[in-house]
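Asks: Got a structure here, written out as structure tokens. Questions coming.
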Amino acid sequence: MKNSIRHEVIAVVLSLSCLSSVWTGGQSQAGDKSQTPAEPAGSLRVKTDVPEVQVIMDDKEVGRTPLTLKPVPAGSRHLTLIKEGYEDHTQQVEIIAQKTASVFVVMKPVTTPLPELPVEFKVMHQHKFGYCVGILTVSAKSLDYKSDRDEDKFQIPIQTLKSVSRSWGPVPGMAPGGINAQTDMMACRIEAPDRAYGFLAYKDQIGEEMKVASQKTKELFDVVYRLWTDTIKTEKR
Amino acid sequence: MKQMFANLFLALAFIVAHSVAPMTSDAFYRDPAPINTAARPSAPSAVVAVYLQSPDFTVREMKYRVFYNKGEVKRVPLTGYDFKASFTDELVNALAEEKRMAWRPQSANETIDVVGLLDGKVSPPKLEADRLLLVNIAEYGAFLADLAADKFYIMARFKLVERATGKKIWEKKLFERIDLEGKIADMQADNQKGLKEGINKVLEKVCVKLVAEMQKAKI
Numbered sequence: 001m002k003n004s005i006r007h008e009v010i011a012v013v014l015s016l017s018c019l020s021s022v023w024t025g026g027q028s029q030a031g032d033k034s035q036t037p038a039e040p041a042g043s044l045r046v047k048t049d050v051p052e053v054q055v056i057m058d059d060k061e062v063g064r065t066p067l068t069l070k071p072v073p074a075g076s077r078h079l080t081l082i083k084e085g086y087e088d089h090t091q092q093v094e095i096i097a098q099k100t101a102s103v104f105v106v107m108k109p110v111t112t113p114l115p116e117l118p119v120e121f122k123v124m125h126q127h128k129f130g131y132c133v134g135i136l137t138v139s140a141k142s143l144d145y146k147s148d149r150d151e152d153k154f155q156i157p158i159q160t161l162k163s164v165s166r167s168w169g170p171v172p173g174m175a176p177g178g179i180n181a182q183t184d185m186m187a188c189r190i191e192a193p194d195r196a197y198g199f200l201a202y203k204d205q206i207g208e209e210m211k212v213a214s215q216k217t218k219e220l221f222d223v224v225y226r227l228w229t230d231t232i233k234t235e236k237r
Numbered sequence: 238m239k240q241m242f243a244n245l246f247l248a249l250a251f252i253v254a255h256s257v258a259p260m261t262s263d264a265f266y267r268d269p270a271p272i273n274t275a276a277r278p279s280a281p282s283a284v285v286a287v288y289l290q291s292p293d294f295t296v297r298e299m300k301y302r303v304f305y306n307k308g309e310v311k312r313v314p315l316t317g318y319d320f321k322a323s324f325t326d327e328l329v330n331a332l333a334e335e336k337r338m339a340w341r342p343q344s345a346n347e348t349i350d351v352v353g354l355l356d357g358k359v360s361p362p363k364l365e366a367d368r369l370l371l372v373n374i375a376e377y378g379a380f381l382a383d384l385a386a387d388k389f390y391i392m393a394r395f396k397l398v399e400r401a402t403g404k405k406i407w408e409k410k411l412f413e414r415i416d417l418e419g420k421i422a423d424m425q426a427d428n429q430k431g432l433k434e435g436i437n438k439v440l441e442k443v444c445v446k447l448v449a450e451m452q453k454a455k456i
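Protein chains in written order, with my numbering: chain F, 1 to 237; chain E, 238 to 456.
Structural data, given as structure tokens:
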């Protein structure tokens, strides 16, 4: 008899505790975080010039670029950006509560080797009116041009170049329009201090398909552009 | 008999205490995946379709002379930088502030003729969306002139249309620019760091301005 009364008492106590637990919404199990004031947080947007760069924040991988992280606890955060073929990038970012911090990083590629220099290109050298045909030899120091009929010959030191781009050249007029076209069709334009030069490279013959010629012009542009931008880097250092 | 009932009650109470109570907490209902609070479920869906006329950085150079001026268009391909993808991502991210619509970028298997739709020459394709935000980026790059400050710029046209009919809801043209500090040649060093950072700033400015303009409009 005593035993059954004891069971009844336990049952009542348990059911009461269960009811109280239901009534309070199980807050004790939900965690005590709601009891403490929320940590101040902001957000962080991370972008890179190349996509899919791995982002590590405070030694924890958080995703790949471009990405927006929120909430991020306010304070100083350590960011590391990693991508194969590029140098790792690290920086500190200050996160301010209720604000979005934005980071844009230009990743530095691990230096890719240039084609073996000097390299020769068969080119059409643009004149103000018409053109001549010859060989442009690109070396680490200069560009040397010699036309097939020996009527034109010059050397352009890479160190002196003002710009390297794809263009049809300047057009006199009132508006800065120039001749606009798809980049692939444009000449490789090299600006030296005294004058500018335009070259269209080709593979075998002048009348070949545009896509073949434009590919060769792109190759010429890529080599000269790379050599020129390397000189800017050297000058700055 | 009484003891059996008491034991049964005890067991029931135990089960209730451990199964019902947690369900009443907020934590139980919390979705582990991030909840999209950008738009209410009733908000119309909109697809962002971006068309870029030239993928390359354009340098417009103006040289003034005594009797005439000389203009030149130069193109500098940006290595490894997908301007269209960056612009689309930034725009969709900024549009999350415009909560009257649920925005998403155009997916890889959706074909949208942005130029044709902007000119009203084609009808909208069948997509899972209520609206289309058509973006035509006419050009991005730098403007260099002897007699004025050099600038980074983006020229773009935006048009929001009904997906079903192609009817225009809202339209805006933006020509945003910021000062280009330094020499364009120096900006091409270190993997074109200066060019990419400069154009990224204009890109962010365009997106913020577009969203502000859209929020002002009665759509």
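All C-beta atoms, glycine included, are put in the ideal place defined by N, C-alpha and C.
On a predicted model such as this, the values are computed, not experimentally measured, just so you know.
(1) Got a sec, what are the start and stop residues for the alpha helix (DSSP H) E/Leu432 sits in?
(2) How about E/Ser291: is its C-beta nearer than 8 Å to some C-beta of chain F?
(3) Kindly indicate the opening and closing residues of the alpha helix (DSSP H) around F/Val106.
(4) Could you check if E/Ala379 is buried or exposed, using at least 16 other CB atoms within 10 Å of its CB as the buried criterion?
(5) Residues of the region 421-434 of chain E in Cβ contact with chain F at a cutoff of 8 Å, in chain order, please.
(6) Am I right that E/Pro361 and E/Gly403 are in contact with their C-beta atoms under 8 Å? What's the rounded C-beta distance?
(7) What's the C-alpha gap between E/Phe395 and F/Gln205?
(8) Leaving out five residues before and five after F/Lys99 in sequence, what residues of the same chain have Cβ atoms less than 6 Å from its Cβ?
(9) Who does F/Gln92 pair with in a DSSP beta bridge?
(10) Which whole runs of the beta strand (DSSP E) in the region 349-393 of chain E are 3 residues long or more, in chain order?
(11) Under the three-state reduction of DSSP, which class applies to E/Lys307: helix, strand or coil?
(12) If you count every other CB in all the chains shown that lies within 10 Å of the CB of E/Asn346, and 16 or more means buried, which is it?
(13) Spell out a yes or no on whether the region 129-138 of chain F and the region 160-172 of chain F are touching, meaning 3 or more CB-CB pairs, one atom from each, closer than 8 Å.
(14) When the cut-off is 8 Å and only beta carbons count, does F/Asp32 lie next to chain E?
(15) Taking the runs of the beta strand (DSSP E) that are 3 residues or longer, which of them lie wholly in the region 281-325 of chain E?
(16) If E/Lys388 sits next to E/Ile415, beta carbons under 8 Å apart, how far is it from one beta carbon to the other, in whole angstroms?
(17) Apply the 10 Å Cβ neighbour rule to F/Val65 and answer buried if 16 or more other Cβ atoms are within range, or exposed otherwise.
(18) Please return the same chain residues whose Cβ sits closer than 7 Å to the Cβ of E/Lys455, not counting the five positions on each side in sequence.
(19) Are the CB atoms of F/Gln92 and F/Ser76 within a distance shorter than 8 Å?
(20) Using a Cβ-Cβ distance cut-off of 8 Å, determine whether F/Arg195 contacts chain E.
(21) Under a three-way DSSP split, which group does F/Trp228 fall into?
(22) What does the alpha-carbon distance come out to for the pair E/Tyr301 and F/Ile190?
(23) F/Ser167 versus chain E: which residues are under 7 Å apart at the beta carbon?
(24) Is any beta-carbon of chain F found at less than 8 Å from that of E/Ala322?
(25) Between E/Lys453 and the ligand GDP, is the CB less than 7 Å from at least one heavy atom?
(26) Does any residue of chain E bring its CB to less than 8 Å from the CB of F/Ile232?
(27) Does any CB atom of chain E fall closer than 8 Å to the CB of F/Thr229?
(28) Is there at least one Cβ from chain E nearer than 8 Å to F/Ser76's Cβ?
(29) If distances are taken between C-alpha atoms only, which option among E/Ala385, E/Lys442, E/Ala339 comes closest to E/Pro281?
(30) Let's test the definition: count the other Cβ atoms within 10 Å of the Cβ of E/Tyr305 and tell me whether it reaches 16, buried, or not, exposed.
(31) Indicate the three-state DSSP secondary structure (helix, strand or coil) for F/Thr112 in the structure shown.
(32) Give me the Cα-Cα distance between E/Asp293 and F/Pro71, rounded to the nearest whole angstrom.
(33) Could you tell me whether the Cβ atoms of E/Val372 and E/Tyr318 are closer together than 8 Å?
(34) Using a C-beta to C-beta distance shorter than 7 Å, which residues of chain F count as neighbours of E/Lys446?
(35) Please give the ranges of any beta strand (DSSP E) in the region 176-200 of chain F, keeping only runs that are unbroken, at least 3 residues long and fully inside the region.
(36) With DSSP collapsed to three states, give me the class of F/Ala38.
Replies: The structure says:
(1) Here residue 432 of chain E corresponds to residue number 195 of the second sequence, with the count starting at 1. Here the alpha helix (DSSP H) through E/Leu432 covers 426-453.
(2) By 1-based counting over the second sequence, the position of residue 291 of chain E is 54. E/Ser291 counts as touching chain F.
(3) To locate residue 106 of chain F, count along the first sequence from 1; it is residue 106. Note, F/Val106: premise wrong, no alpha helix (DSSP H); not H, not E.
(4) Here residue 379 of chain E refers to the residue found at position 142 of the second sequence. Buried, because 16 or more other Cβ atoms sit within 10 Å of the Cβ of E/Ala379.
(5) Residues passing the 8 Å Cβ filter: Ile421, Ala422, Asp423, Gln425, Ala426, Asp427, Asn428, Gln429, Lys430, Lys433, Glu434.
(6) By one-based count along the second sequence, residue 361 of chain E stands at place 124. By one-based count along the second sequence, residue 403 of chain E stands at place 166. The pair is a contact, with the Cβ atoms about 5 Å apart (cut-off 8 Å).
(7) Walking along the second sequence from the start, residue 395 of chain E turns up at place 158. Walking along the first sequence from the start, residue 205 of chain F turns up at place 205. If I take the Cα positions, the gap works out to 45 Å.
(8) In the first sequence, counting from the first residue as 1, residue 99 of chain F sits at position 99. Correct list, in chain order: Gly42.
(9) What you label residue 92 of chain F is simply residue 92 of the first sequence in a count that begins at 1. In DSSP, F/Gln92 forms a bridge with F/His78.
(10) 368-382, all fully within the region 349-393 of chain E.
(11) Residue numbering aside, residue 307 of chain E sits at position 70 when the second sequence is read from its first letter. In the structure shown, E/Lys307 sits in a strand (DSSP, three-state: E or B).
(12) Sequence index remark: in the second sequence, residue 346 of chain E carries index 109 (1-based). By the neighbour-count rule (16 or more Cβ atoms within 10 Å), E/Asn346 is not buried but exposed.
(13) no
(14) Here residue 32 of chain F is taken as the residue at index 32 of the first sequence, counted from 1. Reliability of the predicted coordinates at F/Asp32 is poor, the pLDDT of 43 falling under 50, and the value obtained from them is presented with this limitation in mind. So, not an interface residue.
(15) 282-289, 294-301, 306-313
(16) Along the second sequence, one-based indexing puts residue 388 of chain E at 151. Along the second sequence, one-based indexing puts residue 415 of chain E at 178. Between E/Ile415 and E/Lys388 the Cβ distance is about 7 Å, and since that is below 8 Å, they are a contact.
(17) The count along the first sequence starts at 1 and reaches residue 65 of chain F at position 65. Rather than Val, the amino acid found at residue 65 of chain F in this sequence is Thr. By the 10 Å Cβ count, F/Thr65 comes out buried.
(18) Numbered from its first residue, the second sequence carries residue 455 of chain E at position 218. Closer than 7 Å at the Cβ level, and outside the excluded window around E/Lys455, lies no residue.
(19) Walking along the first sequence from the start, residue 76 of chain F turns up at place 76. Walking along the first sequence from the start, residue 92 of chain F turns up at place 92. Yes.
(20) Counting from one through the first sequence, the residue named residue 195 of chain F turns up at place 195. Under the Cβ criterion of 8 Å, F/Arg195 is not counted among the residues facing chain E.
(21) By one-based count along the first sequence, residue 228 of chain F stands at place 228. In the structure shown, the three-state DSSP call for F/Trp228 is helix.
(22) For the purposes of this step, residue 301 of chain E is identified with residue 64 of the second sequence, where counting begins at 1. For the purposes of this step, residue 190 of chain F is identified with residue 190 of the first sequence, where counting begins at 1. Their backbone Cα atoms lie some 20 Å apart in a straight line.
(23) On the first sequence, position 167 is the one that residue 167 of chain F refers to. Simply Glu309, Val310, Lys311, Arg312.
(24) As a first step, residue 322 of chain E is located in the second sequence; it is residue number 85 there, counting from the start. Output row for E/Ala322: interface = yes.
(25) With respect to the ligand GDP, the structure shown offers nothing to examine, as it has no ligands at all.
(26) In the first sequence, the residue the question calls residue 232 of chain F occupies position 232. Chain E, which has a Cβ nearer than 8 Å to the Cβ of F/Ile232, makes this yes.
(27) Here residue 229 of chain F is taken as the residue at index 229 of the first sequence, counted from 1. Output row for F/Thr229: interface = yes.
(28) Mapped onto the first sequence, residue 76 of chain F falls at position 76. Cβ-Cβ to chain E under 8 Å: no for F/Ser76.
(29) Position 44 of the second sequence, counted from the start, is the residue given in the question as residue 281 of chain E. For the residues E/Ala385, E/Lys442, E/Ala339, the minimum Cα distance to E/Pro281 belongs to E/Ala339.
(30) Locating residue 305 of chain E in the second sequence gives position 68, counting from the first residue. Label assigned to E/Tyr305: exposed.
(31) As a first step, residue 112 of chain F is located in the first sequence; it is residue number 112 there, counting from the start. Reduced to three states, the DSSP call for F/Thr112 is coil.
(32) Working through the second sequence from its first residue, we reach residue 293 of chain E at position 56. Working through the first sequence from its first residue, we reach residue 71 of chain F at position 71. Our two residues, E/Asp293 and F/Pro71, have alpha carbons roughly 35 Å apart in a direct line.
(33) Counted from its first residue, the second sequence places residue 372 of chain E at position 135. Counted from its first residue, the second sequence places residue 318 of chain E at position 81. No, the pair does not count as a contact, with Cβ atoms beyond the cut-off.
(34) Walking along the second sequence from the start, residue 446 of chain E turns up at place 209. By Cβ distance, chain F contributes nothing, its closest Cβ being about 16 Å from E/Lys446, past 7 Å.
(35) 187-191
(36) Taking the first residue of the first sequence as position 1, residue 38 of chain F is located at position 38. Coil, per DSSP.
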